[in-house]
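Position one of the first sequence corresponds to residue 0 (numbering that gives the first Met the number 0), numbered consecutively onward.
Here the structure comes first, spelled out in structure tokens, and everything after it is commentary.
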Amino acid sequence: MRDRPLQLLDWYDVHARSMPWRVPPADRKAGRLPDPYGIWLSEVMLQQTTVAAVRDYWRKFTARWPTVSDLAAADDADVMAAWAGLGYYARARNLLKCARVVVADHGGVFPSDRDVLLTLPGIGPYTAAAVAAIAFDRPETVLDGNVERVMARIHDVHTPLPTAKPHLMALAAALTPQDRPGDYAQAVMDLGATICTPKSPACGICPWRDGCAGRIAGTAASLPRKTPKKAVPVRHGFVYVVRRSDGAWLVETRPDTGLLGGMLGFPGSDWSDDPRPAPPVGADWRRLDATARHTFTHFHLELTILWAVVGSDSMPEKGFFQRRGVFTPAALPTVMRKVHDLVAESLPFGG
DNA sequence: AAACCGTGGTT
DNA sequence: TAACCAAGGTT
């Protein structure tokens, strides 16, 4: 069998996926490396998130904040609004923290060392290795969901995740080449994303098919094994949508920690088995004849929507009014945007 | 160390 | 359609 990394790099030279932040293999071989800021931004956005979902957000962020210094100087609310809809909002809070540390402690220059990168907010083992390898061509080993799957299959590893993770890491590290480590890292992930897919891998066209123990054993499609997850419960809650007579919307900035931390939203009850309404302002409340349903990572949510129209002298106990032109549903996390859309289509208020 | 933390696409 | 899944990190 020919050298596995070289086999994969030859495949990558032909089949590399094109991405806005990526430098194609031909250019990288000529010595060109990507902007570390763009790679860091892409890697944070790509955490548990598909390439398709990230593309437009990455373009929007780099157009508005072209350098890490620009991002570090941004207003928190602008960054959170720009991140709205992408999910895992702690990433956006850590993104800002990280940018500010890079400016304050590293002169606005991204560190190239994996262990230094690991000290930065929002950068864990995967992202530190990815930035070092992809942006600086350091021989670091990335272990993401793709690499775990590929390693489990070519070595026919039956130990379930996450127990198997250290073993899979050792197997992946043993393959990482000294030459073109950045392309190699991207190549394994492209292989996992396009050939060695979770459900029905395309073993027939895989550059690693010859030495793949999982394919030979007939177990590939069932690997990696994973310990079963718990069923997600259903929780309930109330949201309060207040329109002022001039069309302004009552919103609040959610606390920095916890679910949807730091994001804009409509005030509401807690989300529990037995929530109690606690309206943010005295008003003639009416119940909307529609329920907002949304699924988070660890629970389903059913929200009862209460709405009211108040006068221009209204002084809410919670939140603040955003006028027309300032308020935009695009700045809301998806569950709140669903609430907004249900209200907007039920109450023709002129947007 | 297990729980928490979003969303949209695929099966 | 409900479950699964995606370039994970933090506490």
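Note that beta-carbon positions come from the ideal geometry of N, C-alpha and C, so glycine has one too.
L259 by DSSP, collapsed to three states: which one?
If DSSP states are grouped into helix, strand and coil, L259 belongs with coil.
Give the straight-line distance between the Cα atoms of A343 and D26, rounded to the nearest whole angstrom.
49 Å
S221 burial status per 10 Å Cβ neighbour count (16 or more: buried)
exposed
Just to confirm before moving on: does the CB-CB distance between S244 and V325 stay below 8 Å?
no
Member of T175, D114 and T126 whose CA lies at the smallest distance from the CA of L5
Each of T175, D114 and T126 was checked against the Cα of L5, and the nearest Cα belongs to T175.
Quick check on A91: buried or exposed, where buried means 16 or more other Cβ atoms within 10 Å of its Cβ?
buried
Does the distance from the C-beta atom of A83 to that of P332 stay below 8 Å?
yes
Could you tell me which of G191, V141, H299 and L95 sits nearest to D272, measuring between CA atoms?
H299
Say whether the region 106-122 touches the region 151-171, bearing in mind that this needs 3 or more beta-carbon pairs closer than 8 Å, one atom from each stretch.
At 8 Å Cβ cutoff, the stretches do not touch.
Alpha helix (DSSP H) containing F60: first to last residue?
In the DSSP annotation of this structure, the continuous segment of the alpha helix (DSSP H) that includes F60 starts and ends at V50 to R63.
Suppose contacts are defined by Cβ-Cβ distances below 8 Å. Is Y11 in contact with D182 by that definition?
Cβ distance < 8 Å, so Y11 and D182 count as in contact.
List the residues that DSSP assigns as beta-bridge partners of R233.
Before going further, note that residue 233 is Val rather than Arg in the sequence given. BP columns for V233 point to H299.
Nearest residue (CA-CA) to H105, options I122, S68, D77 and G123:
S68
Taking a contact to mean a Cβ-Cβ separation below 8 Å, would you say Y125 touches V115 in this structure?
In this structure, V115 does not lie closer than 8 Å to Y125 by Cβ.
DSSP bridge partner residues for I304 (one or two, in chain order)
Paired residue(s): V238.
With a threshold of 8 Å, are at least 3 pairs of Cβ atoms found where one atom belongs to the region 196-208 and the other to the region 242-259?
no
Please state whether DSSP places D12 in a helix, a strand or coil.
helix
If we ignore side chains and look at the alpha-carbon of each, how far apart do D75 and L305 end up?
Going by the C-alpha atoms only, they are around 29 Å apart.
Indicate whether the contact test is met: 3 or more Cβ pairs, each with one atom in the region 133-149 and one in the region 186-202, closer than 8 Å.
yes
Can you give me the C-alpha to C-alpha distance between D9 and A15, rounded to a whole angstrom?
10 Å
Looking only at its own chain, which residues have a Cβ that is under 8 Å from the Cβ of M168, when we skip the five neighbours before and after it?
T140 and L142
Could you check which residue in A163, C211 and G86 has the C-alpha nearest to that of K225?
A163
Rounded C-alpha distance that separates M18 from I38:
Spanning the alpha carbons of M18 and I38 requires a straight line of approximately 11 Å.
Let me check understanding here. Comparing Cα to Cα, which of V102, C97, G121 and V130 lies closest to R113?
Looking at the Cα atoms, V130 is the closest of the given residues.
So, helix, strand or coil for K337, using DSSP?
helix
Would you report the Cα separation of W284 and P266, rounded to the nearest angstrom?
14 Å
Determine the direct distance from the alpha carbon of F295 to that of L170, and round the result to whole angstroms.
33 Å
Pairwise C-alpha distance: K337 and I133:
If I take the Cα positions, the gap works out to 37 Å.
CB P223 to CB L160, shorter than 8 Å?
yes
S271 (DSSP reduced to helix, strand or coil):
The three-state secondary structure of S271, taken from DSSP, is strand.
G310 in three-state terms, based on DSSP
coil
C97 and G123 closer than 8 Å at C-beta:
no
Just to confirm, are L117 and V100 a CB contact at a threshold of 8 Å?
no
Entirely within the region 99-141 and at least 4 residues each: give me those alpha helix (DSSP H) ranges in chain order.
If we require 4 residues or more, the alpha helix (DSSP H) runs fully inside the region 99-141 come out as 113-116 and 124-135.
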